[in-house]
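What follows is a short report on a single structure.
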Amino acid sequence: EELQEKMMQEVSHLHKKVRLRIPQSHYELVSEIRGAGNILSCEYEENDILLEAEIPHHLERKVFHFLS
Numbered sequence: 055e056e057l058q059e060k061m062m063q064e065v066s067h068l069h070k071k072v073r074l075r076i077p078q079s080h081y082e083l084v085s086e087i088r089g090a091g092n093i094l095s096c097e098y099e100e101n102d103i104l105l106e107a108e109i110p111h112h113l114e115r116k117v118f119h120f121l122s
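So this is what it looks like as structure tokens:
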């Protein structure tokens, strides 16, 4: 149990939880997040995609402008 707990803590450091508002014209970014991270929720509002996701650190720069 202790080992499993440690492993979960380490894995959680590899991903960051974010809320994003991404224009549908940038759907390729949503696809990249879906492939490399974990989408927790996805909603559509007008021309935007509202995401709550866990992303790897290497995607942080790409999503910076879409943080909500």
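Per my numbering, the very first residue in the sequence shown carries number 55; after that it's consecutive. Every residue gets a Cβ at the ideal spot worked out from N, C-alpha and C, and that includes glycine.
The beta carbon of P77 is closer than 7 Å to those of N101, D102 in its chain, skipping five residues each way along the sequence. Each of A90, H111, P110, E106 was checked against the Cα of L121, and the nearest Cα belongs to E106. Bounds of the alpha helix (DSSP H) holding S85 are 81 to 90. Annotated as proximal: K116 and L83, with beta-carbon spacing under 8 Å.
A direct Cα-to-Cα measurement between K70 and S95 gives close to 15 Å.
Check the Cα spacing between P110 and each of E86, E99, L104, E97: the tightest is with E86.
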